[in-house]
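The opening residue of the sequence shown carries number 4 in the numbering used here; numbering runs sequentially from there. What follows is a single structure, written as structure tokens, with notes after it.
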Amino acid sequence: MTIPTASKPYKQAVSALIVIHTPDLQVLLMERTDFNEAWQSVTGSREGEESLEQTARREVFEETGIDVGLYTLRNWQQSHDFEIYEIWRHRYAPGTTHNTEHVFSLEVSATIAITLAVGEHRRFKWVSWSQAAEMVFSPSNADAIRSLPERCAH
Numbered sequence: 004m005t006i007p008t009a010s011k012p013y014k015q016a017v018s019a020l021i022v023i024h025t026p027d028l029q030v031l032l033m034e035r036t037d038f039n040e041a042w043q044s045v046t047g048s049r050e051g052e053e054s055l056e057q058t059a060r061r062e063v064f065e066e067t068g069i070d071v072g073l074y075t076l077r078n079w080q081q082s083h084d085f086e087i088y089e090i091w092r093h094r095y096a097p098g099t100t101h102n103t104e105h106v107f108s109l110e111v112s113a114t115i116a117i118t119l120a121v122g123e124h125r126r127f128k129w130v131s132w133s134q135a136a137e138m139v140f141s142p143s144n145a146d147a148i149r150s151l152p153e154r155c156a157h
């Protein structure tokens, strides 16, 4: 177990979930390196005093190499609390058991190649929104993906 230090503080229990998709609702999924067959959208914790939008933009770039400025990032003005998986609680301050996740989406023009964050994700794939909702391990991620057709008026 890694104990956070002054140079690597505890994660904040506030995060952004960003569902990246094409106009025809192909969804980008990435497989975690620390949890076999665990597929997910981009997600990550807020750092310092950054805004939720800044968190979303930073996480998309760090995890995929996508320049969010080239596309439209949508803040769904939706959040939910969930229990942090036991295997990741050591990343948070002692006693922290829940996280508040804020949902965003990013529509890209096509199923573009991405650059995965070394050590975080092992592979990626683009799949239909319905298949993506079945593949992700996180219930909140699945719910967000299932909302895409309505959110995008499809």
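Backbone N, C-alpha and C fix where the C-beta goes; we use that ideal spot for every residue, glycine too.
Between the beta-carbon of H24 and that of L119 there is about 18 angstroms, and that puts the pair past the 8 angstroms contact cut. By the neighbour-count definition (other C-beta atoms within 10 Å, threshold 16), W91 is an exposed residue.
Here DSSP, grouped into helix, strand and coil, assigns L119 to coil. Taking the Cα of W79 as reference, the smallest distance to any Cα among E123, V22 and G98 is reached at V22. Look at V111 here: in three-state DSSP terms it is coil, with no helix or strand label. For S18, the secondary structure class from DSSP, reduced to helix, strand or coil, is strand. Y88 is not bridged by DSSP to any residue. Under DSSP, the beta-bridge partners assigned to M33 are Q43 and F127. V106 and Q81 do touch by the CB rule: their CB atoms are close to 5 angstroms apart, below 8 angstroms.
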